[in-house]
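Written below as structure tokens is the structure these notes are about.
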Amino acid sequence: MSFTYDDVGATRQTGFCPPGFHPMHVRARIGEGEEVFRRAAEAVLTWEMHRAMGVGIDATADRAAPDVDVTVTLAGMIKAPCRVVWTVEEPRRAGWAYGTLTGHPECGEESFVVERTGDGTVWLTVNAFSRGAKWYARAGGPATRGLQHAYARRCGVVLRRLCAGLAED
């Protein structure tokens with residue numbers, strides 16, 4: 541399957557949104573400290589955060605890496621094929637992005653990045669640009685975008701729960 545948009549990998553650029561797409565930027569505080577960062581990074585990179593949200597994940601690898609194919613299943617019936625386009629694993633940043641493939645209800649890219657800032661605070665940032673690809677996604681208009689924002693906020697809630705109780709530095 542091929543990507544359904546031209547700007548593959550563009551979520552690496554903060555704030556970039558191709559013409560005709562809708563941008564999304566959601567940031568959530570996860571906690572503080574190195575242990576929280578490591579736990580959050582592992583949960584994001586291994587699909588655990590998504591699975592803990594109740595989202596079906598069928599991936600060709602146990603960990604996010606470029607060219608890994610991932611099919612996300614929502615509500616047990618909407619299948620959304622994607623491919624990981626980039627990953628980052630640095631001492632203070634970890635995450636990945638996937639782009640939509642033919643058959644996905646949306647068209648675009650979404651990234652999930654955990655970062656530990658200078659003061660030790662751990663954040664999850666979800667960045668995306670998208671537009672409807674299937675008729676029902678286009679017909680949903682602002683409601684579809686509202687659901688995408690709710691999904692991104694839920695990622696932060698779930699990741700914070702997965703990291704709860706870890707000792708802070």
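Residues 541 to 709 in our numbering are what the sequence shown lists, from first letter to last. We treat Cβ as the ideally placed atom computed from N, Cα and C, and that holds for glycine. Please read these numbers as outputs of a predicted model, since none were measured by experiment.
Residue i CB to nearest heavy atom of the ligand FAD below 6 Å
i           : result
residue 670 : Because no ligand of any kind appears in the structure shown, any question about the ligand FAD cannot be addressed here.
Rounded straight-line distance, which links the Cα of residue j to that of residue i
i           : j           : result
residue 649 : residue 671 : 10 Å
residue 665 : residue 651 : 8 Å
residue 579 : residue 676 : 37 Å
residue 613 : residue 555 : 27 Å
residue 632 : residue 615 : 34 Å
residue 585 : residue 644 : 21 Å
residue 708 : residue 634 : Here residue 708 scores only 49 on pLDDT, less than 50, and its place in the model should not be relied on; the value that follows carries that caveat. C-alpha separation (whole angstroms): 19 Å.
residue 682 : residue 669 : 14 Å
residue 667 : residue 564 : 6 Å
residue 595 : residue 658 : 32 Å
residue 691 : residue 630 : 26 Å
residue 571 : residue 638 : 25 Å
residue 557 : residue 546 : 12 Å
residue 619 : residue 607 : 18 Å
residue 583 : residue 687 : 22 Å
residue 680 : residue 628 : 33 Å
residue 621 : residue 705 : 34 Å
residue 654 : residue 689 : 17 Å
residue 587 : residue 541 : 21 Å
residue 600 : residue 559 : 31 Å
CB of residue i within 7 Å of CB of residue j, strictly
i           : j           : result
residue 552 : residue 663 : no
residue 611 : residue 602 : no
residue 592 : residue 698 : yes
residue 573 : residue 660 : yes
residue 656 : residue 641 : no
residue 576 : residue 695 : no
residue 646 : residue 604 : no
Counted within 10 angstroms of its Cβ, other Cβ atoms place residue i as buried (16 or more) or exposed
i           : result
residue 701 : exposed
residue 617 : exposed
residue 544 : buried
Distance between beta carbons of residue j and residue i, contact taken as under 8 Å
i           : j           : result
residue 504 : residue 562 : Not covered by the structure: residue 504. The range shown for the chain is 541 to 709.
residue 693 : residue 581 : Incorrect: roughly 20 Å between the Cβ atoms, too far for contact.
Beta carbon proximity, residue i to chain B, threshold 7 Å
i           : result
residue 693 : Going by chain labels, chain B is absent from the structure shown, which holds only one protein chain.
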